[in-house]
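Sequence lines, in order, name chains A and B. Okay, so the first sequence: first residue is 1 according to this note's numbering, each after it adds one. Okay, so the second sequence: first residue is 1001 according to this note's numbering, each after it adds one.
Protein chains: 2
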Amino acid sequence: MKKDKHLKLHPWKIIEEGFHPTKVTSSESLFSIGNGYMGQRANFEESFSGETFRGSYIAGVYYPDRTRVGWWKIGYPDFFAKVLNSPNWIGIDIQINNQDFDLNRCLKIEKFKRVLNLKEGFYLRSFEAVLKDKTRVFIESKRFLSMARKDIGMIKYKIKPLNKKCLIKLNSFIDGDVSNQDSNWNEQFWKHEEKETKGNFAALKSETLKTFYKVCTFMHNQFFLNDKILKETPKIKIKKNKISHTFSYSVDSNKTLSIVKCGGYVSSVRYSSINFNKTYKLSKEALDLGFDFLLNEQKNQWEKIWENSDVTINGDIKAQQAIRYNIFQLNQTYTGEDEKLNIGPKGFTGEKYGGGTYWDTEAFCFPFYLATKGSLAARNLLRYRYNHLDKAIENAKKLGFSNGAALYPMVTMNGEECHNEWEITFEEIHRNGAIAYAIFYYENFTNDKSYIPKYGLEVLIGISRFWEQRVSFSKEKNMYVILGVTGPNEYENNVNNNWYTNYIAKWCLNYSIIQVQNVREKYKTDFQRIKKKTGLSEIEINRWKEIYENIYLPYDSKNEVFLQQDGFLDKELRSVDEIPINERPINQNWSWDKILRSPYIKQADLLQGFYFFEDDFTLEELKRNFEFYEPLCVHESSLSASLHSILASKLDKKDKAYQFFLNASRLDLDDYNKEVMEGLHITSMGGAWMAISKGFGGMKIKNKVFSFNPKLPSKWTSLSFKVNFDGSILTVKINKKETTFELTGDKSINLICSGKKINVQPKKNIK
Amino acid sequence: MKKDKHLKLHPWKIIEEGFHPTKVTSSESLFSIGNGYMGQRANFEESFSGETFRGSYIAGVYYPDRTRVGWWKIGYPDFFAKVLNSPNWIGIDIQINNQDFDLNRCLKIEKFKRVLNLKEGFYLRSFEAVLKDKTRVFIESKRFLSMARKDIGMIKYKIKPLNKKCLIKLNSFIDGDVSNQDSNWNEQFWKHEEKETKGNFAALKSETLKTFYKVCTFMHNQFFLNDKILKETPKIKIKKNKISHTFSYSVDSNKTLSIVKCGGYVSSVRYSSINFNKTYKLSKEALDLGFDFLLNEQKNQWEKIWENSDVTINGDIKAQQAIRYNIFQLNQTYTGEDEKLNIGPKGFTGEKYGGGTYWDTEAFCFPFYLATKGSLAARNLLRYRYNHLDKAIENAKKLGFSNGAALYPMVTMNGEECHNEWEITFEEIHRNGAIAYAIFYYENFTNDKSYIPKYGLEVLIGISRFWEQRVSFSKEKNMYVILGVTGPNEYENNVNNNWYTNYIAKWCLNYSIIQVQNVREKYKTDFQRIKKKTGLSEIEINRWKEIYENIYLPYDSKNEVFLQQDGFLDKELRSVDEIPINERPINQNWSWDKILRSPYIKQADLLQGFYFFEDDFTLEELKRNFEFYEPLCVHESSLSASLHSILASKLDKKDKAYQFFLNASRLDLDDYNKEVMEGLHITSMGGAWMAISKGFGGMKIKNKVFSFNPKLPSKWTSLSFKVNFDGSILTVKINKKETTFELTGDKSINLICSGKKINVQPKKNIK
């Protein structure tokens, strides 16, 4: 395993030491900060003439970019909605003795350091620089996006001349001249309207084109010499889309000039009216309370998050750092508070995938949010899909389905499909199954019995109607088949009878039948409402049953394994080891047809089914299928390693489980794919957490009973993680000898640990 | 069948009567003219504010347009080469009494007529128009692109005031402000350089960007009042990319003002140096000879073409008109003279498909050119691919093949692949087979024994090496398989063991082995040269044999038919009749996934193999397979009907054969697909000719012996067609009672007619 030497290991911090001009864009991703409502890459405040990828994003503020495609197919969406790069409010340009300060143009840069403080939720950068005229300065910038005040971020930026008195000019600005790197046609996404400046405050009102989101970007500056506030008013410069406040000071050697900058966005995603006054008040209040007060507030917020979600690993600092980094980034991306928002594959750290919602959320993130934030956060994620049900029905209709059949989009922002590759958009339909599975998972995990009758059943009906219409009957096989699909393994397109898709379709139909029965019996009013709304009939339920009982699942009796799809055994089944190393990853080296006719698997496909439906198969079956398919898996999806880690744990393949876990959790920190500059793999971080709890912890919920079957990697002396069960926090502590449990709250909990029933009583005095 | 009533039936003409503003773009396609080196849509000379699609194209002058694609795959070409819309030289704007003349803005248009004279090779338009001020004028324009002088076109444009004396202003121009409708990024394709004007002559020198083709567009005008030449010199206006010559005349009622305009292109495709002088001389000479002289020359040229290619059908004017139209358009597109040129699916009549070469050429056009123009023209088409062999090897290399394996592009201009849909570009590999098949067809048809040792064998080796590497071995089947392909039926993508692909691969390997053997024995010097150049080894020839003998061909023993591909019987095999009429054509109504999982076939796929390799199967086998697959075929490719017509003839399904023939030959004239405005289906016209000769004529060549097995449609009283056999023209005359043959040339020919051997002696006195 490669380790990027410039990053240091630490249990609570990500630390970079030394200035590496070629790694600036990578570090901009790694040190990204966010508060669930906005997020930004770790760009420098000051100008930088080296390679940089500037990005600042507001949750929910998107633009429908016109689709770009070579060959149009009926059913393609007209637009790909993209979260927008938003006006830059962090900008602070520096002049020292009339020289523009630019890290790319210094004589020397020493003691360069970046720290992402995971425990307290802030980002720090500091260094000493020697300028062309030999002036030596120390600069430190501390920055965070407030978890307590979602519209606000704070910067404390210090400059200290070290060897001579300097004339320092600070130019603090907001800049609306931003664009998305990944725009399809280089179109404008923003229209900038009014500007206001008042004392040390300035703001820019903008509107997104087409979607008409209103955003007021603001900044409010305070200046200090050492700790004494400076009262001078700024020189104001207003350009077309930019407002600057400039201050000049003569600063003695070893004195510190600081700027405290409060900035951020007030947007129509969160507020019904947007005005300058609101942003003025918000930022004035923040500055009056002071940077340190707000930073303390931030620490308290993060303390609460960690209380509910921390994972401790002793004996392996690499793993410890990684898992905390994963949990930290997930929390920065989505806080669980808002049913309008969701988790983009790159969060707010890049632009690839447009910031839209994928099935990643249900399959890889949902368990994390449910277990560390509780049922309300999880319910918000379910409601997100419920709110999109009408659009999913419309989407299916576009593709020729009828009668309320719902196909959830592959990628979406507002419920409409964004993706435009037929083999994915139209064929990677297993995603519908994951959305139903999340409902099941929630129902199984929580005591909330109201979700399904109120919301969930309608979604299940839409999804089952889709499967009902999507199967066809094979006379040849005398069974129902599903033709022309792409499974989770996107290295196979347009295959017939993908086992995973068929299996989850079968499961969906059965689960829907059970839930229809349940709601009919126990929630009569809801049932009447749903029946009226959906026109659900006995005939269709019978048809679901008929399909459920007669759906084809390809199986190979010779190897006693299920078959990933029809015809899989026609391939030359050579293991991944036989691929020349210089041809890996194959998706960067092989033409698409070569990948398609190879046996190689991008990420768990059939094994995804063994993970979701673990109780349907014996350990022996899992072993046979794992040993057949894992050697063919190239793990070229960020979602692959975590799932294989869980299954490897289950099979007592400890080394494999551990290695997969490291691959999953340190994917970005160690930049395995040499692409971290594009942004972090946020959704796959949920998988790393699952590898901890479900893999090493062996956590399972069956009929609402938790069980644990711990499998500690040999290197680890202990592991602990937390699970929120209906508001009580269960801490699972595993060491080489034993597993113990701590519980907060009022109720006790019955669980099974390594086969034994245990009753855990709440520890009253836990904080 | 729909018949567009505005088009009249005529054995030698396409006639439109009445002015139909909504049909202007369709007629612009239908009345297109060309001479193999340039071609143009039948645009009006004068300005037209209604809907129009202006296009004028020069063979071989293309631009590599940057690829546009939604999701890039390794192996995609960077460019899509496109034949360029070239400067417009036909423009003649008219002012009458200071009113701009515009057919879209007249009070009345009467006696509007277009005639495409197939026999003599010109296009005529005439009408009477009443202008807003009640002036009534008669206008007639006659236009042709000279078959004798490839750089030149001629227009004779007449205006006659009918009810009053008029001031007529003629503005004859050339205009470089042109662009391709189908450009990917709205980029500029042309750079215009110098302009020259001299007396009634003007020219514009231009260069294509990136490809640096130099083109000099010119015009040379003459003016007549009645038949008297007018000596006035024009008023010259030069704009950025446009040169105009303006003349004003006061014309009495019932006098005729005419302009004779000679224009065209001199391009670096045909000449090593391009200068104004050359264009001046060319056009001066033409004008000196006069319009009527050149028109007569044109008639003579077309007379020669018809002598070698005419098809007569008695008893069915619709069929007669259609087949002559098809032959006419094929000759306008490609004359057989130039191995650098080829036949784009839309010829010079539109921009779709970029004007590139497809497998259409070998499979649907090659027999026509071979039989009506002789072996030299056919050899030029073969040489075109031979010249691209290195590029085909390079193309295969990009996709991971090695050792000189060649994959000919799906679409090409200069040998490089242009297409960018993975399921086509990388998977529709059967095209390689058609290229080998054309070599076989040529060798079988002609007495030219030199082509294979000189050129053909290298192509066969490259193609066989491709198949050798493209197959894989299935342990399951214990046979070689071809995974992940798209057959001719593009409504199936990424299927395994497409029967047609596997069959033609098998055939290629065998044919290559035979030809290697043949050249080794009979052309030792050539063999040594080829062996040295290609590194051909015994081992690989043995491997070709091993694959040839063990390649899998899917078969269904229940229905006793071959299977289009693995898993075909899993589909719900409902016949095309069951598709609701409002959902046809399915490619305009169904989402792509729905098409893919349906059983519906776009064009002959398995049956393409029964056509190519007719001697490999019994009539009974053909019948079973035809009756199994034809009911599933939606014929949504222009290439479909002709092939089905041939097979239906063979099976004595006379009505079907006739209907398919009409569909094929009148596709554009009757605009079945409501898309003729985009351009004509030129390559499919070759299929219409094959339906005549191979279908109704039952023509076959086996071991160099022609046989005929005529099957006349019941409506037809007689049919005749011509076949050029090594320079002798054989005319086959079929009527209800008998089939007779006429032969020109010196040699007699032995043939088989309806099973009987016949010796045909040349008729010495045939003209």
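Ideal placement from N, C-alpha and C gives every residue a C-beta, glycine not left out.
Excluding the five sequence neighbours on either side, which residues of its own chain have a C-beta within less than 8 angstroms of the C-beta of residue i, listed in chain order?
i       : result
B:S1748 : N1759, V1760, Q1761 and P1762
A:H774  : Residue numbering for chain A in the displayed model covers 1 to 767; residue 774 of chain A lies beyond these limits and cannot be assessed.
Ignore the nearest five residues each way along the sequence and tell me which others in residue i's own chain have a CB closer than 7 angstroms to its CB.
i       : result
B:K1013 : V1115, L1116, N1117 and L1118
B:N1447 : D1726
A:Q608  : P488, Y500 and L643
A:K132  : Q99 and L107
Can you tell me which of the three DSSP states residue i falls into?
i       : result
B:T1312 : strand
B:K1747 : coil
A:H681  : coil
A:K169  : strand
A:F53   : coil
B:F1138 : strand
A:K205  : strand
A:I766  : The pLDDT assigned to A:I766 is 44, lower than 50, so where the model puts this residue is not dependable, and the model offers no usable value.
A:M219  : strand
A:V24   : helix
B:V1269 : coil
A:C508  : helix
B:N1432 : helix
A:C418  : coil
A:P161  : strand
Go through its chain and collect everything with a Cβ distance to residue i's Cβ below 6 angstroms, but skip five positions before and after it.
i       : result
B:K1767 : Residue placement at B:K1767 is flagged as unreliable, the pLDDT there being 40, under the threshold of 50; a coordinate-derived value is accordingly withheld.
B:P1453 : V1519, Y1523 and D1526
Whole angstroms are fine: how far does the CA of residue j sit from the CA of residue i?
i       : j       : result
A:I429  : A:G484  : 10 angstroms
A:H388  : B:S1512 : 59 angstroms
A:Q329  : B:D1671 : 59 angstroms
B:I1514 : B:G1404 : 19 angstroms
B:V1137 : B:F1127 : 8 angstroms
A:R597  : B:R1385 : 28 angstroms
A:N494  : B:N1493 : 7 angstroms
Residue i: buried (16+ other C-beta within 10 angstroms of its C-beta) or exposed?
i       : result
A:W306  : buried
B:D1746 : exposed
A:F212  : exposed
A:A438  : buried
A:W185  : exposed
B:N1582 : exposed
Residues within the region 483-510 of chain A neighbouring chain B, beta-carbon criterion of under 7 angstroms: Taking 7 angstroms as the Cβ-Cβ cut-off against chain B, the residues of the region 483-510 of chain A that qualify are L483, G484, N493, N494 and N496.
In chain order, what residues of the region 1552-1572 of chain B put their CB closer than 8 angstroms to some CB of chain A? D1566, G1567, L1569, D1570, K1571 and E1572
Interface positions of the region 419-437 of chain A facing chain B (Cβ-Cβ less than 7 angstroms), listed along the chain: Within the region 419-437 of chain A, the qualifying residues are N420, E421, W422, F426 and E427.
According to a CB-to-CB cut-off of less than 7 angstroms, which residues of the region 1441-1472 of chain B neighbour chain A? S1472
Chain A contacts made by the region 1595-1614 of chain B, where a contact means CB separation under 8 angstroms: Sequence-ordered contacts of the region 1595-1614 of chain B with chain A read L1596 and R1597 [C-beta pairs closer than 8 angstroms].
May I ask you to list, following chain order, the residues of the region 81-111 of chain A that have a beta carbon less than 9 angstroms from some beta carbon of chain B? none
Please identify, using Cβ separations under 8 angstroms, the residues of the region 390-416 of chain A that lie next to chain B, in order along the chain. Within the region 390-416 of chain A, the residues whose Cβ lies closer than 8 angstroms to some Cβ of chain B are K398, L399 and G400, listed in chain order.
Of all the residues that make up the region 1061-1076 of chain B, which are near chain A by a beta-carbon distance shorter than 8 angstroms? T1067, R1068, V1069, G1070, W1071, K1073, I1074 and G1075
Can you pull out the residues from the region 1708-1740 of chain B whose beta carbon lies closer than 7 angstroms to at least one beta carbon of chain A? none
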